[in-house]
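Number of protein chains: 2
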Amino acid sequence: MNSTGSAGKSWAWPGTDWTRFNSFGHYLRSAELAHAGLFDIVFVSDHPALQRDNTSRPLHSFDPTVLFSAIAARVPDIGFLLTASSSYNSPYNLARRLATLDNISGGRVIWNVVSSFNPDIAANFSAAPLPPRDERYRRADEFVEVVKKLWLSWDTPSGEAPETRIWDPATARKIDHHGEFFDVTGPLNVPIGPQRHPVISQAGASDAGIDLAAKHADIVYASLFNKQAAFGYKAQLTQRALAHGRDPDNIRLMPGLVVVLGETREEAYRKHEALHGEGGEESLVKDFFKRAALTDIEGLDPDKPIDPAVFKYTQDQARPVGFSRSFAELTEAENLTPRQLVRRVDGGHRLAVGTPREVADTILDWWRSGAADGFNIHIPVLPDGIAEFNRTVIPLLQAAGAIPTEYDGSTIRQRLALPDPA
Amino acid sequence: MNSTGSAGKSWAWPGTDWTRFNSFGHYLRSAELAHAGLFDIVFVSDHPALQRDNTSRPLHSFDPTVLFSAIAARVPDIGFLLTASSSYNSPYNLARRLATLDNISGGRVIWNVVSSFNPDIAANFSAAPLPPRDERYRRADEFVEVVKKLWLSWDTPSGEAPETRIWDPATARKIDHHGEFFDVTGPLNVPIGPQRHPVISQAGASDAGIDLAAKHADIVYASLFNKQAAFGYKAQLTQRALAHGRDPDNIRLMPGLVVVLGETREEAYRKHEALHGEGGEESLVKDFFKRAALTDIEGLDPDKPIDPAVFKYTQDQARPVGFSRSFAELTEAENLTPRQLVRRVDGGHRLAVGTPREVADTILDWWRSGAADGFNIHIPVLPDGIAEFNRTVIPLLQAAGAIPTEYDGSTIRQRLALPDPA
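Protein chains in written order, with the working numbering: chain A, 1 to 422; chain B, 423 to 844.
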């Protein structure tokens, strides 16, 4: 639910207000539409920096905790998945903000832990450069540990009023954490909330990232382009979860899925092209390799299979490992030409471009085969794209019994059938 | 509007729910009542720590930015004055949260800058002790400078959609700040808001605090017990404002005022005692010296004038200078006994205990004489105390022409007739 939509040019889409990324009413309307469509969750990614590409919509503007709190006061039922950096926050402040939002929303918060990979973020916080990935992930791990301890440090007040003391050291416990990165005494000054504590999400794709997800995450968001990649990723996640003593069945895998709809597939293809500018398929191909694949377009014949080596990646590269890895796996497995590839992936995530029936079928196929537990649906143009998805795809998913027809009043932890934290 | 009310025992007040400090509905109801009474602003102080005194209400629980955002989505018109520490936040994140809330609320945010004096706060953020006051105030000064630069770094998007670029370096400007404490590149990823940027409040009472307030604050909140102290404080503030090249008329002085109402003064006195426990005036006196005056009660005869020397303070004491200074000035000026003093001051702020007419008269007297531009009204028991104040005191203030009878739809900056920031 970021900005004006997942498409870079969504800000300039005909019939929309280009300034809406800066309007609470726009986000409220988007959340209301998601609620009307019975979405489980609305999600925002986040970078505390103005992105450099000023021809694309400003992807991150309003602070997610503040934005979602205002929406939570107006929209019931729906969960709020928000991104916050473990590199550029302090555990006490962030634990407190999320616990506050979880209480206000009645147990609807999911925290997406990111360690931040963008040097422009680092420059807004210090003269020091971004720490190396290893250090960021060690810090993320300890950060999540501290936040969890704080979230469970003060028992929920309930029952008859106590005689004299509103808490005591047995009910509000110091955590006395002293680690590599953090020294935090506690307890948190917000009591345990309606779902004990917020659900945790992670999108790790590097080895360190997958390990962090396997250790802490209830929800894993990933960039997975085909079922083979999804099963491979799931196997790796399962193995790491078991190594951490966790039941892998308690992790929900929700890959990203960009949806472009048309009454016919041709219509959907034309819309897909229009979302990237005015140059038709040719400029779609060019734009794709310039923006998403992050590699050199020179020498690529649009009609010859791509050499997977152009997507080579290393575990210590500066940019995220996940996107590079997914591209390499997909082109390796399916021998795709650039012209074919641009209809399979958009903005770094799997693309479903076609009729509502085709989109519903690919969602159902992945879900029924166990390749995914859910999907993070990217809507190219907000807010109207949600209304279109509600009208055309949701009824097909409901008819197939894949999603419910009403909310049941539960917390997001209950709705995802996740266990209570210890 | 903190917790269950300004009285320490408000959590256990008959007929109230002791767990309400942990309920969004409670704060929402309090804000709705304040709105019904045409209050300009609701205020929360803040400590990111669970306070040690567990017989008193937990004064600070929910994060103020998250709480006020949810309330802003439900309650129109009223301003939100929230406290956030310059010692335990980063300028980019805090500037962004406040700018987001200012946008969501339509220009109703006031940031109360505090440097944090409580070692329990320091222990939630690091193994390092609280920095000395001088360093904290230097950091606060630079923090506010950086935040202001960030707030004005990206022009509000408006008008026709641009051809290609949503911003450029002339409309979204790097701030390239490099100072003693902070290195921040910018720009902020939230554009300039409806009142350009949030209003700034400060409660400085030490020399360094008054200087910070005189340099940056639009609103000054202070602990002032008599008009003589108010005029003295105002003179000092004026002098420092002029030294910083500011027009002192652009600073609004709003001292704290604890209000305890009864149909008769005797009834108000009994209520005042009950708010402190069951021991009547004797225990009121004891409790007062134990909690508020922060000095030794031994050797104080309740009926003999107090030696002002018991309130001696130094500029570098650990606890806030403001409360100590105000006590010393009041007892020096008026030769009060403990029994008299406890009816003049409560919880570190001036007390108005009596009938609605008496309370309205002291408010009007200070306002007409220019000793104050407004008051930070402390309500002993929330939320019902606001309803009582609305019913009994507000009509008297309206009849005197001191406050309006409806909101006019302006931003909080406009309502307080403050100039636009440069």
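We put the CB at the ideal spot given by N, CA and C, even for glycine.
Fair warning: this is a prediction, and the values are worked out from it, not measured in the lab.
Q. Asp729 of chain B: which of B:Ala755, B:Gln737, B:Val707 sits nearest, CA to CA?
A. B:Ala755
| said: In the DSSP output, what is Arg350 of chain A paired with across the bridge? | reply: DSSP, once it has assigned bridges, lists A:Leu257, A:Val345 as partnering Arg350 of chain A.
- Item | Strand pairing of Thr505 of chain B, partner residues [DSSP] | BP columns for Thr505 of chain B point to B:Asn534.
Q: Determine, using beta carbons only, whether Phe24 of chain A comes closer than 8 Å to chain B.
A: yes
Taking C-beta to C-beta, are His457 of chain B and Val488 of chain B nearer than 8 Å?
-> no
Since Asp40 of chain A and Gly79 of chain A should fall inside the 8 Å C-beta cutoff, what is the C-beta to C-beta distance between them, to a whole number of angstroms? 6 Å
* Asked: Which residue or residues does DSSP assign as beta-bridge partners of Ser623 of chain B?
  -> B:Asn534, B:Ile641
Checklist entry - Do the CB positions of Pro470 of chain B and Ser507 of chain B come within less than 8 Å of each other? => result yes
Beta-bridge partners of Trp154 of chain A, as assigned by DSSP: Per DSSP, A:Ala172.
Problem set entry | 6 Å Cβ shell around His354 of chain A - same chain, five flanking residues per side excluded | The sequence shown places Gly at residue 354 of chain A, not His. Contacts found: Arg265, Ala268.
Below 8 Å on the Cβ atoms is my contact criterion, and I expect Asn444 of chain B with Ser478 of chain B to pass it. Report the Cβ-Cβ distance as a whole number of Å.
The Cβ separation is near 15 Å, so there is no contact.
- Query: Where Asp365 of chain A and His349 of chain A are concerned, what is the direct C-alpha to C-alpha distance, given to the nearest angstrom?
  - Reply: 17 Å
Span of the alpha helix (DSSP H) holding His26 of chain A?
24-36
Exercise. Are Leu460 of chain B and Pro826 of chain B closer than 8 Å when you measure CB to CB?
Worked result: Closer than 8 Å, so yes.
Worksheet entry | Nearest-angstrom Cα separation, counted from Ile219 of chain A out to Tyr253 of chain A | In the sequence on display, residue 253 of chain A carries Leu and not Tyr. Those two C-alpha atoms are separated by around 6 Å.
Checklist line | CA-to-CA distance, Asp723 of chain B to Pro445 of chain A, given in whole angstroms | finding: This structure gives no information on residue 445 of chain A, because the portion of chain A shown stretches from 1 to 422.
Note to self: Give me the residue from B:Tyr559, B:Leu838, B:Arg779, B:Gly792 with the minimum Cα distance to Asn812 of chain B.
What the structure shows: B:Arg779
So with CB distances below 7 Å, who are the chain B contacts of His60 of chain A?
For His60 of chain A, the chain B residues whose C-beta falls within less than 7 Å of its own C-beta are Asn611, listed in chain order.
Q.
Rounded to the nearest angstrom, what separates Glu388 of chain A and Gly15 of chain A at their Cα positions?
A. Gly15 of chain A has its alpha-carbon roughly 15 Å from the corresponding atom of Glu388 of chain A.
- Can you tell me the Cβ-Cβ gap for Ile192 of chain A and Trp167 of chain A, rounded? I've got them flagged as a contact below 8 Å. Their Cβ separation, rounded to whole angstroms, is 12 Å, which puts Ile192 of chain A and Trp167 of chain A out of contact at 8 Å.
>> In this structure, how does DSSP classify Asn798 of chain B when only helix, strand and coil are distinguished?
In response: strand
| Would His197 of chain A be called buried (16 or more neighbouring beta carbons within 10 Å of its own) or exposed? | Looking at its Cβ environment, which holds 16 or more other Cβ atoms inside 10 Å, His197 of chain A is buried.
Check for me: the alpha helix (DSSP H) holding Phe43 of chain A runs from which residue to which? Here Phe43 of chain A belongs to no alpha helix (DSSP H); instead the beta strand (DSSP E) covers 41-44.
Practice problem: Starting from the beta carbon of Ala434 of chain B, find every residue of chain A whose beta carbon is closer than 8 Å, and list them in chain order. | Solution: Listed along chain A are Ala161, each with a C-beta nearer than 8 Å to that of Ala434 of chain B.
CA-to-CA distance, Gln762 of chain B to Leu50 of chain A, given in whole angstroms: 58 Å
Exercise. Per DSSP, what kind of secondary structure is Asp420 of chain A in: helix, strand or coil?
Worked result: Secondary structure at Asp420 of chain A: coil, using DSSP grouped into helix, strand and coil.
**Message:** Counting only Cβ pairs nearer than 8 Å, list the residues of chain B close to Leu67 of chain A.
**Reply:** Ser491, Thr522, Ile526
**Item:** Assigned exposure category for Gln737 of chain B - 16 Cβ within 10 Å defines buried
**Value:** exposed
message: So, does the region 201-214 of chain A touch the region 100-112 of chain A, judging by three or more C-beta pairs under 8 Å?
response: yes
Indicate the three-state DSSP secondary structure (helix, strand or coil) for Asp287 of chain A in the structure shown. Asp287 of chain A: helix per DSSP, three-state reduction.
Three-state secondary structure (DSSP) of Gly851 of chain B: Residue 851 of chain B lies beyond the residue range present for chain B, which begins at 423 and ends at 844; the question has no answer from this structure.
I want to see whether chain B comes within less than 8 Å of Val184 of chain A, judged by CB atoms only; does it? yes
For Thr331 of chain A, report the span of its alpha helix (DSSP H) as first-last.
It spans 321-334 - the alpha helix (DSSP H) in which Thr331 of chain A sits, taken as one unbroken run.
**Prompt:** So what does DSSP say about Val310 of chain A, is it helix, strand or coil?
**Reply:** helix
What number of angstroms, rounded off, separates the C-alpha of Arg561 of chain B from the C-alpha of Arg692 of chain B? Between Arg561 of chain B and Arg692 of chain B, the C-alpha separation is close to 45 Å.
When you compare the CB of Asn476 of chain B with every CB in chain A, is at least one pair closer than 8 Å?
yes
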